[in-house]
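For reference, the structure discussed in these notes is given below.
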Amino acid sequence: MDPRLSEEQEILRKSARDFLTEKCPKSLVREMENDEKGYSPQLWQEIAALGWTGLVFPEKYGGGGMSFLDLSILLEEMGRVLFPGPFFSTVLLGGLPILDIGSEEQKEKYLPEIISGKAIFTMALTEASGKYTASSVKAKATADNGNYVINGTKLFIPDAHVADYFLCVARTDDKAKSEDGITIFIVDAKSPGISKTVLKTIARDKQCEVVFKDVKVPRENILGKLNQVWGEVQKIIERAAIAKCCEMLGGMEVVLDMTVAYVKERIQFDVPVGVFQAIQHHCVYMLVDVEGSRATAYEAAWRVSTGRPYSSEAAITKAWVSDAYQRVVALGTQSHGGVSIMEDHDMPLYYRRAKAAELTFGDARFHRKTVARKLGFEVA
Amino acid sequence: MDPRLSEEQEILRKSARDFLTEKCPKSLVREMENDEKGYSPQLWQEIAALGWTGLVFPEKYGGGGMSFLDLSILLEEMGRVLFPGPFFSTVLLGGLPILDIGSEEQKEKYLPEIISGKAIFTMALTEASGKYTASSVKAKATADNGNYVINGTKLFIPDAHVADYFLCVARTDDKAKSEDGITIFIVDAKSPGISKTVLKTIARDKQCEVVFKDVKVPRENILGKLNQVWGEVQKIIERAAIAKCCEMLGGMEVVLDMTVAYVKERIQFDVPVGVFQAIQHHCVYMLVDVEGSRATAYEAAWRVSTGRPYSSEAAITKAWVSDAYQRVVALGTQSHGGVSIMEDHDMPLYYRRAKAAELTFGDARFHRKTVARKLGFEVA
Amino acid sequence: MDFELTPEEKAFQKEIREFLDKECNENVVAETLSMEGEGPYSKELLRKMGANRLLTPRWPVEYGGRGMGAMAEAIKVDEINSHHAPFPLDGVEVGNALLICGNEEQKKRFLPGIARGDIEFALGYSEPDAGSDVASVQLRAVEDRDEFILNGQKIYNTEAHFSDYHWLLTRTDPSAEKKHRGLSLFMVDLKSPGITIRPLITSAGLRTNEVFYEDVRVPKENMVGEKNGGWTVIMNALYGGGGGGGLATGTKRVIDTLVKYALEEKQDADENQWIPETMAGLYIRTHVGELMGLRATAFADLNVSPPYGGGGAVSRLLGGDTRRLLYNTAMQILGPYGQLAKDSKWVPLNGEILREYMDAPRWTIVHGSQEIQKLVIATRGLGLPRR
Amino acid sequence: MDFELTPEEKAFQKEIREFLDKECNENVVAETLSMEGEGPYSKELLRKMGANRLLTPRWPVEYGGRGMGAMAEAIKVDEINSHHAPFPLDGVEVGNALLICGNEEQKKRFLPGIARGDIEFALGYSEPDAGSDVASVQLRAVEDRDEFILNGQKIYNTEAHFSDYHWLLTRTDPSAEKKHRGLSLFMVDLKSPGITIRPLITSAGLRTNEVFYEDVRVPKENMVGEKNGGWTVIMNALYGGGGGGGLATGTKRVIDTLVKYALEEKQDADENQWIPETMAGLYIRTHVGELMGLRATAFADLNVSPPYGGGGAVSRLLGGDTRRLLYNTAMQILGPYGQLAKDSKWVPLNGEILREYMDAPRWTIVHGSQEIQKLVIATRGLGLPRR
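Residue numbers (our numbering), protein chains in the order written: chain A, 80 to 459; chain B, 80 to 459; chain C, 8 to 394; chain D, 8 to 394.
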């Protein structure tokens, strides 16, 4: 067992931290919360130039050929600064699925666009139920003259307002079992019939409603197999859950750091409040949560990276980290007192994102049920 | 609103406390844990002479004609000293049901025996499932020549080993709905065919298995209506749950008192440990639990006493107090440290009884489900 | 023992409930739930309530009250909360302290105005370096003939931007050996020259304020209690109200709303099987807290110490925890919809749950942090030693 | 990054697992679970383990170890726990401290004996007035030519009745200004005249002891470290082992047992719908704690501080809480059957759950209370100030 990062990973971490500290201050984060796009196209081009958008893709498409663990380290750094924009959607919900199951033509067409920072992707999966289950996919794609026509409403779709392409998950066979009639389509976001509404969310993170009305998609835009792709979708969600946990880990670290720093400095009753046992215990339990999250997120990412199965670990990790981040922001806020509930403090930025991150790719309860199934229980 | 006890109640409390402090020291409690009978017949006669066994029964049968609230105060005092013996079973599970639904002949026959301390009663209700539901009653009473024959196994029956009579709850019609085929029989414990085994329990409180094998009971020993008595059984359980909570309240008070006293005296790091914030918070949360239990137990007892409906309040109270007592013994133990996990300390006496009391008449989860039903949910 | 309200209390409850059912219209509710707090509609309602002696039922009749007890006050608070009516807490808190520590002239000058809903007070305790440690306030008051000159800064003074007076804790003796012995309390007209009020917005979008004092003059007769005796005055303001809150109609209404939502929107019983028992647990906590509060309030009215001296602080501690649990659970029930804000497409229950969830930390921090509450209970209630 | 054991560690795990599968028979298990602790069967097994160098894999080969790392130690602990084998923790803890603080003669005299399973140590820290505040021990050691004379009392010395030596913290300088500067550490032969061992039984039925010293003589060469330097020695004993525990095979086995019980006995799915998610939560906690512990242990082997310096103490804190939750949940699953003791009719799962439930408080109290653990993490790990 070796818990350390490799030398290259340490360099990646340091350079990412330096870059993001300079280029992504909290002022930018706040600005982007109210920005229509929600990200800085200029900064986007800079990270593409640094190779981040291509980091995890093979060199043959112009990528960096680095590992999923490397990507996780980058995501942790992005989580620290609350990096705004469609990086996660594009890489985890666009590029990697195409790399997984795309045809060679599709890879050659789309991956270079992602790697170079030209195209923004997202996945249009969840609908009104908000659930990550096969039976929740109700949007229909009907064969029509060799092509397909999509109708349905997708909800909570990240970054759809700026996406160039959607991976739209739709039902192509409604007579088969839930899991057996689902297909992924690569849909040009400019196709006629698509309308998008940005939702107002706690994290102001541009989740959207996307309505597909008679949207035509050519047959060659099917990603992976017709009807038999739910297993792949699950893998995409599980991997994204692990990646999201790495991002959350970064946020938790910062909340812990800023809390510990504050309670060392803040004087009340003539002593730093960090001498009070209640405050110390708050910080200790925050540490338990941060270190627990680190251990499980790294292990899960390492499993993805080394080709081991990771389905259980994704569930364990997302269940733990979702709850842990909630506890960390709650204890951090309580330890800070009044100053940290003000909108101009950094704490609410993390407090709000902790909730959004908890909800995405299944909350703790959803994943605990998965673990229960793996323990042998029958669970709905 | 008046939260105070009446003058008479204060006198009852004081005299009970004085008597029990003298007559029921922890040495007796420990002795009775290992005693075959589990109680002191001499002390039993003394409390009968004091009028306790008859306290709550009408004067016309020789009782004290006092209220259920008065009885609750007495139970709280008994809970403080962990009074051993079949008082609860006899009064709550024997006498009061007979007073509720017995015929005048039955009242005249049995109540004086209870009041005078001659007869010990208990209720043989629960079976292998351990549940307090109608469908769990499987023991059968079959009509035979105008009389009845009972067959079945009852489990977790308190004080059955010394009882003179059982109120045996049995199924008399297995074709009707669960709730509609149940009857209560007053069974002489010396009847042929009854065998009893004392279980070894955490509280060493003489819960028994009672096997009925072809036990003959005359028809006139039916208590209340044939087949249509489940509603009455529920009322008996609910009232017993409230009474048990008053007993538990007494125990919690003592655990809080002894913890507060200890942390004021115990010196570590040159100060009483009660100055440490963690210990203070333990004690504060114990107080929340004690005062919460007092408020809800008293209100519920007052409702019984004044003839108001008490079904919801029984569920709320038993749910809260069951959990609260667990928390109080856990925090009390943690605040004491090593000394309180020794068998010769008083704390384990309370720790063990808190668990037994939690389980009897439905645990917190059972009662939360009842409350959920009252909120409008359909719950199994 | 008796757990029912007296006929007089029931009548008062009926009166204020019916009054607010009728008068607390949606304009008022919108103001209550708005970022800015009290506005013109609220002010109008408060004056109407005042005219009906509904604001200060516990005060003596001569000062505009009804001479009722702590229970009437608890009934009032409960009805105001559950109607989303404006909450003139600070004025009442100030008045309670004035009743104990003020001189007759001050009582006559301020109490009837507060009772009528004419005068609003904002509490001025916290400073950037004096949060839970209130005794370390630095805002300086220097005596100058028949006035004091004030310089310094307050923070988190929520009502300052719509109030008439500031209930201001100041330092008059910086050399006092024990720092809480050098404090004095003033009632300062917020229109006085030299006062600057700057908004501070919480993450839930609620407005509070920083208040800056620069050579502000306040007449001596506006000092409450003795010079350097300010600590006694604020202890009376914080704890002098007695009682323990109590009724929880508002919280029970939120629970009902959530139950209804769950029954309608979450019909997939298998998947949502955790909801009934969890909601029941919250209902039980609320009910138990209510009974504790009612008992504490009734004891206060009898002028009797409750067992263990825990009193209202204990029920408030439970209530604070319940509030946090309630909105966490509510957010879980709403699932991904929970993250949607008031004016978003698809928002459930008007976004009120999210608003309360965002506001929840304030409840365990403001008005003395929970840690301070626990210290008070531990030392005053249980007699545990202080360091 | 790599989360797999090394081939050498895997081989060691396989070796000790197979050894204990074969040798840790039911007689040994009965002794482990008995009130008295280690008996003749345990002693025999320990000697066999010692002969196979399974007891102290981390120690240098010359002292009877294998020269492996903290991970091997963690593997050993895990296998011993999950087999209910005897647990020679105290001897190993003593040996770890001897390796750092002992002189060469002491190492040669004691370490090989411990490694062979011949010598057992009992820790002698706590006294009636020195619990979490270990530095205030009063057992007096007075120098008398080439001996020390010991007088006083120890308490909660669990292994004292079957051990050979007492690892005894004593006071040699009662006038030291800082009380932890006046302590010295001795290894005392428990058969020395003047020692009386009296049983103390916990509420779970486990035996521990009071040990009384009356004019007991111990030779100077049995002092470890410097005179008045005992604090350094016990800090090395308590924290010198490094590593962070780790593997949780035993706990996972308990979870499996409960899942199986629930699936077989609690088929009324509707009523027991809370069980799957709760058990999953416990499994997750256990798994996360295991990974944290493994990381801390691996860092210890690399002689690198883990991030935030939290290390093993942090995973142990989580583990302590998990243990309490696990047995509380187990009792809830068993329902009324949970209250039945080992030899009762109708007892489920041999009464082991009840035994562990009764024993649970010990785990958060003994070996330094959880409060002390948190203090260590807060001040050493996070650098928070001390009072």
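Where a beta carbon is used, it is the ideal one built from N, C-alpha and C, also for glycine.
This structure is a prediction, so every number in the text was calculated from the model and none was measured.
Interface flag, residue i vs chain B, CB-CB below 8 angstroms
| i | result |
| --- | --- |
| Ala451 of chain A | no |
| Phe355 of chain A | yes |
| Asp291 of chain C | Residue 291 of chain C is actually Ile in this sequence, not Asp. Taking Cβ atoms only, chain B reaches closer than 8 angstroms to Ile291 of chain C, which makes this a yes. |
| Val321 of chain C | yes |
Short CB-CB distance (under 8 angstroms) between residue i and chain C
| i | result |
| --- | --- |
| Glu284 of chain D | yes |
| Thr232 of chain B | no |
| Pro237 of chain B | no |
| Phe440 of chain A | no |
| Glu206 of chain A | no |
| Ala374 of chain B | yes |
Three-way DSSP call (helix, strand, coil) for residue i in this model
| i | result |
| --- | --- |
| Glu43 of chain D | coil |
| Asp267 of chain A | strand |
| Gly272 of chain B | coil |
| Trp131 of chain A | coil |
| Ala307 of chain C | helix |
| Tyr118 of chain B | coil |
| Ser106 of chain A | helix |
| Trp309 of chain A | helix |
| Ser91 of chain C | Residue 91 of chain C is actually His in this sequence, not Ser. In this structure, His91 of chain C counts as coil in the three-state DSSP scheme. |
| Phe456 of chain A | coil |
Neighbour flag for residue i against chain D, beta carbons, 8 angstroms
| i | result |
| --- | --- |
| Glu378 of chain A | yes |
| Pro427 of chain B | yes |
| Trp370 of chain C | no |
| Phe348 of chain B | yes |
Below-8 angstroms beta-carbon distance, residue i vs any chain A residue
| i | result |
| --- | --- |
| Asp240 of chain B | Looking at the sequence itself, residue 240 of chain B is His, so the reference to Asp does not match. Not one chain A Cβ lies under 8 angstroms of His240 of chain B. |
| His361 of chain B | no |
| Pro67 of chain C | no |
| Gln23 of chain D | It should be pointed out that residue 23 of chain D corresponds to Ile in this sequence rather than to Gln. No, Ile23 of chain D lies away from the interface with chain A (no Cβ there is under 8 angstroms from its Cβ). |
| Leu270 of chain D | yes |
CB-CB length for residue i against residue j, believed under 8 angstroms
| i | j | result |
| --- | --- | --- |
| Ile121 of chain C | Ile82 of chain C | That pair is no contact at about 19 angstroms. |
| Met230 of chain C | Phe193 of chain C | 5 angstroms |
| Val240 of chain C | Cys31 of chain C | Contact flag wrong, Cβ pair sits at about 33 angstroms. |
Are the segment 159–177 of chain D and the segment 117–137 of chain D in contact at 8 angstroms, needing three or more beta carbon pairs? Yes, since at least three Cβ pairs between the segment 159–177 of chain D and the segment 117–137 of chain D fall closer than 8 angstroms, the two stretches touch.
Cβ contact (3+ pairs, closer than 8 angstroms) linking the segment 405–422 of chain B and the segment 165–174 of chain B: When Cβ pairs closer than 8 angstroms are counted between the two stretches, the segment 405–422 of chain B is seen not to touch the segment 165–174 of chain B, the count staying below three.
Between the segment 368–385 of chain A and the segment 317–330 of chain A, do three or more beta carbon pairs fall short of 8 angstroms? In short, these stretches touch, since the Cβ pair count reaches three.
Please list the residues of the segment 72–83 of chain C that have a C-beta atom closer than 8 angstroms to any C-beta atom in chain B, keeping them in chain order. Listed in sequence order: Met78.
Give the residues from the segment 339–358 of chain C that approach chain A closer than 8 angstroms (Cβ to any Cβ), ordered along the chain. Taking 8 angstroms as the Cβ-Cβ cut-off against chain A, the residues of the segment 339–358 of chain C that qualify are Gln339, Gly342, Pro343, Tyr344, Gly345, Gln346, Leu347, Ala348, Lys349, Asp350, Ser351, Lys352, Trp353 and Val354.
In chain order, what residues of the segment 167–185 of chain C put their CB closer than 8 angstroms to some CB of chain A? Using a CB distance below 8 angstroms, no part of the segment 167–185 of chain C faces chain A.
Spell out a yes or no on whether the segment 49–58 of chain D and the segment 83–96 of chain D are touching, meaning 3 or more CB-CB pairs, one atom from each, closer than 8 angstroms. At 8 angstroms Cβ cutoff, the stretches touch.
Using 8 angstroms as the cut-off, can you tell me whether the segment 271–279 of chain A makes contact with the segment 343–357 of chain C, which would need three or more C-beta pairs spanning the two stretches below that distance? In short, these stretches touch, since the Cβ pair count reaches three.
Stretch pair the segment 219–235 of chain A + the segment 107–121 of chain A: three plus CB contacts closer than 8 angstroms: No, they do not touch.
What residues from the segment 121–136 of chain B come within 7 angstroms of chain D, judged by C-beta to C-beta, listed N to C? Those residues of the segment 121–136 of chain B placed with their C-beta closer than 7 angstroms to a C-beta in chain D do not exist.
Touching by the beta-carbon criterion (3+ pairs, under 8 angstroms), the segment 135–143 of chain A and the segment 279–299 of chain A: No contact exists between the segment 135–143 of chain A and the segment 279–299 of chain A.
May I ask you to verify whether the segment 436–445 of chain A touches the segment 257–266 of chain C, counting CB pairs closer than 8 angstroms and requiring at least 3? No: fewer than three Cβ pairs fall under 8 angstroms.
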